[in-house]
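Protein chains in written order, with UniProt numbering: chain H, 1 to 278; chain S, 1 to 278.
By construction, the Cβ of each residue, glycine as well, lies at the ideal position given by its N, Cα and C atoms.
This is the structure:
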């Protein structure tokens, strides 16, 4: 396979850095040494491994993009920028006909969809790039739609452990709780037990030391009222590698859509990426 | 709701006894005090709670059935007999236009299907009456069909603990392994870890003492090759209560099909019972 040129936007941010480091080591890609960043970023470049990446603020990017497009024809953008940049960035990509994979959440999602649908290039947009979790969620949604009330009378218990900095309740946990509700359990989002204490994470859950600062461990437990049945689902993610794999799969999916000119629908999700394996 | 008369066949067998005990205490049903049994059974009747049930061997039942049908019009049979009786019993039910729910496995399943389809009464036939497990399996089958290869590269570990008397590997575990294989994992049925030692069940797994003689505890663990992701599914069943609930749901489903004369398809499975809740 020819290398796919990719530009990773969102440096010097954490997730973008992980993506860039992995991309540089991945033979399937060639690395475009520029990255869209925020207006507030003062540095002009950043080093990733031994590669120097030039950072482009919104005020600078319009002047530079045509040169970059000339030097790295056909590149695809990976967007892990800031939630406030979502809509503006999408408009920029579409205006310059740059296909993109966007893992950044937030912004006005309806506007985002409109931007892509009114443009002429395809994009994969997904709030969660961990494809096994997306697949799991799809299985539960199927169950909830097909067998509503299957777990009627069962009690539900949900715990989710993430790095201390994460203030809000996990979006994945909320989405799965919605499925379990449809499957018949009474459970409020506010009953999700959020674990953010590193000591509890290490001692009680067994999260490895090196992932205390970046992990997502989820447990969903269903119990029959008489205690005669227990169903449990866990998905424990350490670090960000699972998001890297999913994001790169999305890039490859997008490239095959472009190569075969098969993107009448333009806007794709991780479900499209997953089902493409069929 | 009017009581649904049910006859429970397979007494004095264990599962039939549990069904009968529960049925006698369940206001949704009236109990028909007869039970089809095997030719080798020497006793003529059996007590369930305070109720005496007359046992009918194959050689006796033809003479008695019309009287019973006259006394308990519209009854439905629940069949938890012996695998060797499956085909013969089904033919008996169909010949006498008795709708039935059959949880007995074994026999010639194709012949069984043909018998029902060529008859004029509906039946629910299912090798597993635990509806939450059937639903879970359906969700995984959906995932395996929709997202083949989703867990490619992941390792799988499967353990299943059952009472010491169960010699063969759990059919549910085998069915789920087939799904996980389609989802991309390399795993042989022979790698399923069968736990049959009561000491290990008590000490290591924590199966409660009172369920050592009747339980099914399953754990399926998927691990990413780099250790960065773990997915785990457990279904731990104590005793037989879950099969009672599912069987009675199947009876109620069948009754509603009969009452509305909605059984063109005649042969139903637990999936039909589950989706009826929609």
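Rounded distance between the beta-carbons of residue j and residue i, thought under 8 Å
i, j, result
"residue 4 of chain H", "residue 16 of chain H", "Not a contact, Cβ separation roughly 17 Å."
"residue 189 of chain S", "residue 219 of chain S", "Residue 189 of chain S to residue 219 of chain S, Cβ: 16 Å. No contact."
"residue 286 of chain H", "residue 99 of chain H", "With chain H represented from 1 up to 278, any question about residue 286 of chain H goes unanswered, as that position is not in the structure."
"residue 54 of chain S", "residue 75 of chain S", "Their Cβ separation, rounded to whole angstroms, is 14 Å, which puts residue 54 of chain S and residue 75 of chain S out of contact at 8 Å."
"residue 257 of chain S", "residue 230 of chain H", "Not really, about 32 Å apart at Cβ, beyond 8 Å."
"residue 80 of chain S", "residue 13 of chain S", "6 Å"
"residue 144 of chain H", "residue 182 of chain H", "4 Å"
"residue 271 of chain S", "residue 134 of chain S", "7 Å"
8 Å Cβ cutoff, residue i in contact with chain H
i, result
"residue 142 of chain S", "yes"
"residue 139 of chain S", "yes"
"residue 235 of chain S", "yes"
"residue 204 of chain S", "no"
"residue 103 of chain S", "no"
"residue 185 of chain S", "no"
"residue 238 of chain S", "yes"
"residue 146 of chain S", "yes"
"residue 274 of chain S", "yes"
"residue 232 of chain S", "yes"
Within-8 Å CB hit, residue i to chain S
i, result
"residue 242 of chain H", "yes"
"residue 96 of chain H", "no"
"residue 225 of chain H", "no"
"residue 293 of chain H", "There is no way to answer for residue 293 of chain H, as the model of chain H reaches only from 1 to 278."
"residue 193 of chain H", "no"
"residue 150 of chain H", "yes"
"residue 131 of chain H", "yes"
"residue 229 of chain H", "yes"
"residue 181 of chain H", "no"
"residue 277 of chain H", "yes"
"residue 10 of chain H", "no"
"residue 165 of chain H", "no"
"residue 246 of chain H", "no"
"residue 135 of chain H", "yes"
Test item: CB-CB of residue i and residue j under 8 Å
i, j, result
"residue 274 of chain H", "residue 101 of chain H", "no"
"residue 193 of chain S", "residue 146 of chain S", "no"
"residue 6 of chain S", "residue 31 of chain S", "yes"
"residue 124 of chain H", "residue 20 of chain H", "no"
"residue 217 of chain H", "residue 236 of chain H", "yes"
"residue 40 of chain H", "residue 59 of chain H", "no"
"residue 36 of chain H", "residue 118 of chain H", "no"
"residue 87 of chain H", "residue 107 of chain H", "yes"
"residue 277 of chain H", "residue 208 of chain S", "no"
"residue 136 of chain S", "residue 185 of chain S", "no"
"residue 103 of chain S", "residue 260 of chain S", "no"
"residue 162 of chain H", "residue 109 of chain H", "no"
"residue 105 of chain S", "residue 83 of chain S", "yes"
Legend entry - At least three beta-carbon pairs within less than 8 Å, the stretch 247-267 of chain H to the stretch 139-147 of chain S: No: fewer than three Cβ pairs fall under 8 Å.
Legend entry - Sufficient close CB pairs (3 or more, under 8 Å) joining the stretch 226-245 of chain H to the stretch 36-53 of chain H: No, the stretch 226-245 of chain H does not touch the stretch 36-53 of chain H.
Legend entry - Runs of alpha helix (DSSP H) wholly within the UniProt domain "Dihydrodipicolinate reductase N-terminal" (4-129) of chain S (minimum 4 residues, chain order): Entirely contained in the UniProt domain "Dihydrodipicolinate reductase N-terminal" (4-129) of chain S, the alpha helix (DSSP H) runs reaching 4 residues are, in chain order, 14-24, 58-71, 86-95, 109-118.
Legend entry - the stretch 21-32 of chain H touching the stretch 90-100 of chain H, judged by at least three CB pairs closer than 8 Å: Verdict: no, contact absent.
Legend entry - Three or more C-beta pairs below 8 Å linking the stretch 121-136 of chain S and the stretch 243-251 of chain S: Yes, the stretch 121-136 of chain S touches the stretch 243-251 of chain S.
Inset, instruction - Pair every Cβ in the stretch 97-117 of chain S with every Cβ in the stretch 147-154 of chain S, then say whether three or more of these pairs are closer than 8 Å. - result: The count of Cβ pairs closer than 8 Å, one atom from the stretch 97-117 of chain S and one from the stretch 147-154 of chain S, stays below three, leaving the stretches out of contact.
Legend entry - 3-residue-minimum beta strand (DSSP E) runs that sit fully inside the stretch 151-210 of chain H, ordered along the chain: The qualifying runs are 155-162, 193-195.
Inset, instruction - Could you pull out every unbroken alpha helix (DSSP H) segment of at least 4 residues lying fully inside the stretch 226-266 of chain H, listed in chain order? - result: If only complete runs of 4 or more residues are kept, the stretch 226-266 of chain H shows the alpha helix (DSSP H) at 241-259, in order along the chain.
Inset, instruction - Mind the definition here: the stretch 169-181 of chain S touches the stretch 199-215 of chain S only if three or more C-beta pairs lie below 8 Å; say whether that holds. - result: By the Cβ test, the stretch 169-181 of chain S is not in contact with the stretch 199-215 of chain S, since fewer than three Cβ pairs between them sit closer than 8 Å.
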